[in-house]
Every structure is written in C-alpha cells, then in structure tokens.
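Peer 1: There's a structure below that I have some questions on.
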Amino acid sequence: MSAQVQSGQNPPSNLESGTADKSNILPNVKPTHDPFGDEDDATVKYKTMTWWQAGMIMIAETISLGILALPKALSTLGLLPGIFTIFFIEIVSSYTGYTIGQFKAAYVEVHTMADAGNILVGKVGTTNSESPN
C-alpha cells in the first residue's frame, strides 16, 4: 500500500495526475499544439490567470471595440431606443459568454473553432470551419 492510502488519504486518480488515457473520452478530437506557447517571459500569462483577470481582459477588449460604435448607434436610434438596445445586446453577450465558458470548461482541449465544430457536429464541423490554405 502507498503512503497516501495508509494515511487515510485518497490517492489521486489517473485523470488528476494527467497519466490517464484520454483517447477514449473524445475519440474525434485530435491533440493539438498549445496555442499559448511558452509563457515564461510573457507579461500576461493566459494559462495561469484567474477568472477575474480573464474577465477584466474581456471587458477591456469589449469596451475598447464597442465604445467606438456607441455614438453612431445613439445618434441613429435616439437616446431611449439606443439605451434599450445597448442593454439588450449586453444581456445577449453575457449569456453567450456564459455558454462559451461552460463549453470550454467541459472541453478544455478545444482551442479553435475547428475543434469546437468537431465536438458539435463531428467531421463536417471540422471541415467547414477550417480556413483554406
């Protein structure tokens, strides 16, 4: 018996230790390279950031891109319809982000739209979502 079992602790499972054979879990998913690469000297370490850090990056990107469209949208729609539209789009965006987060948590090996297409619809999704060379 190992020291962990003798001391009353549960030994780590093969999935926790990373030694499990994962080929039968998602047979259609091919292993891909690490999209983030080596982050030793990186200013932002995407692999180890907390959820709130990732959220702040997403909010900053959303605001920096969306803020440029707000004046035109409000001048076209008017103040009240523009504010209503902004809140509606925020609700849809939040729900979409939540759904994508759940999908990524369930399928951590997915890094591209082709990987997600393979999970959702099989080989057809992979073929149709890959960019032509």
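The sequence shown maps to residues 1 to 133 in full-length UniProt numbering. A virtual CB, placed ideally from N, CA and C, is assigned to each residue, including glycine. Small disclaimer: the values here were computed from a predicted structure and weren't measured.
1. Between which two residues does the alpha helix (DSSP H) harbouring Thr85 extend?
2. For Thr62, does the count of other Cβ atoms within 10 angstroms reach 16, so buried, or fall short, so exposed?
3. The alpha helix (DSSP H) that contains Val121, what's its start and end?
4. Let me know the secondary structure DSSP gives Ile67 once reduced to three states.
5. Just mark Val110 as buried or exposed, buried being the case when its beta carbon has 16 or more other beta carbons within 10 Å.
6. Could you check the C-alpha separation between Lys104 and Val124 for me, to the nearest Å?
7. Can you tell me whether Lys45 is helix, strand or coil according to DSSP?
8. Between the alpha carbons of Gly55 and Asp115, how many angstroms are there, rounded?
9. Consult DSSP for Glu39 and reduce its assignment to one of helix, strand or coil.
Peer 2: If we stick to the structure as given:
1. 79-106
2. exposed
3. 113-121
4. coil
5. Looking at its Cβ environment, which holds 16 or more other Cβ atoms inside 10 Å, Val110 is buried.
6. 20 Å
7. coil
8. 23 Å
9. coil
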